[in-house]
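Note sheet for the following structure.
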Amino acid sequence: MATIKSLNKWANAHTYYPLDLLRVALGVFLFVKGVDFMSNQAQMAEVIKPFENIPGGMGILHYVAPAHFVGGFLIVIGLLTRWAVLAQLPILFGAVLTNFLGEMNVTNLILAFVALSVCLFFLFYGSGKHSTDYYLKMQK
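Next up, the structure:
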């Protein structure tokens, strides 16, 4: 717990609007991908195809869209950002891995790698000073 508090203090001392905009952009991207997966089941089935022989493959299908949808919203408003990012990491690792196990799509690989990198950054940085987490912490 002390580690998280020290990370929060560092992040709040070094917060800038461009980082907040990056967090919001990441959240919007994940939210839109979640909506896209929910509305386009054929695309989702194609993405999951390399993992269909793995036990729990159908569970992956039911985890990805809601995790992107809810996690993206939480990241946008800056509420439980680290937890929301943590829920995204297995999906994004899988998205990068899908390009090597299935058909290589360079655009999807770049998008997945950039989203994974930004998520890893916010896992350590947190939500920043201009977020719901910070607002709620200051209300104590």
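One point on numbering: in this note's numbering, the residue at position 9 of the sequence shown is 9, and numbering is uninterrupted.
Cβ coordinates follow ideal geometry from the N, Cα and C atoms, glycine included.
Keep in mind that this is a model prediction, so the values were computed, not measured.
Thinking C-alpha only, which one of the options is nearest residue i?
i, options, result
"I54", "T98, A2, Q43, W83", "T98"
"M38", "H68, V96, S131, L101", "H68"
"V70", "V47, G27, M58", "G27"
"S117", "E46, Y134, T132, Q88", "Q88"
"L19", "T132, Y134, F122, D133", "F122"
Distance check for residue j and residue i, CA to CA, integer angstroms please.
i, j, result
"F124", "N105", "29 Å"
"F29", "A2", "31 Å"
"V32", "G56", "25 Å"
"F73", "Y17", "19 Å"
"Q43", "Q139", "44 Å"
"V76", "L86", "15 Å"
"G94", "L136", "33 Å"
"P90", "V96", "10 Å"
"F113", "K49", "20 Å"
"D36", "L101", "22 Å"
"K129", "K5", "13 Å"
"G59", "N40", "17 Å"
"A115", "K9", "25 Å"
"E52", "C119", "26 Å"
"S127", "G34", "21 Å"
"D133", "L92", "24 Å"
First and last residue of the alpha helix (DSSP H) that includes residue i?
i, result
"P66", "57-77"
"S117", "106-125"
"S39", "17-39"
"I91", "81-101"
"K129", "Segment: none, K129 is in no alpha helix (DSSP H) and carries neither H nor E."
### Task
Determine contact between the segment 104-113 and the segment 61-70, defined as no fewer than three beta-carbon pairs at a distance below 8 Å.
By the Cβ test, the segment 104-113 is not in contact with the segment 61-70, since fewer than three Cβ pairs between them sit closer than 8 Å.
### Query
Is there contact here, the segment 23-31 with the segment 64-82, by at least three beta-carbon pairs under 8 Å?
Yes, the segment 23-31 touches the segment 64-82.
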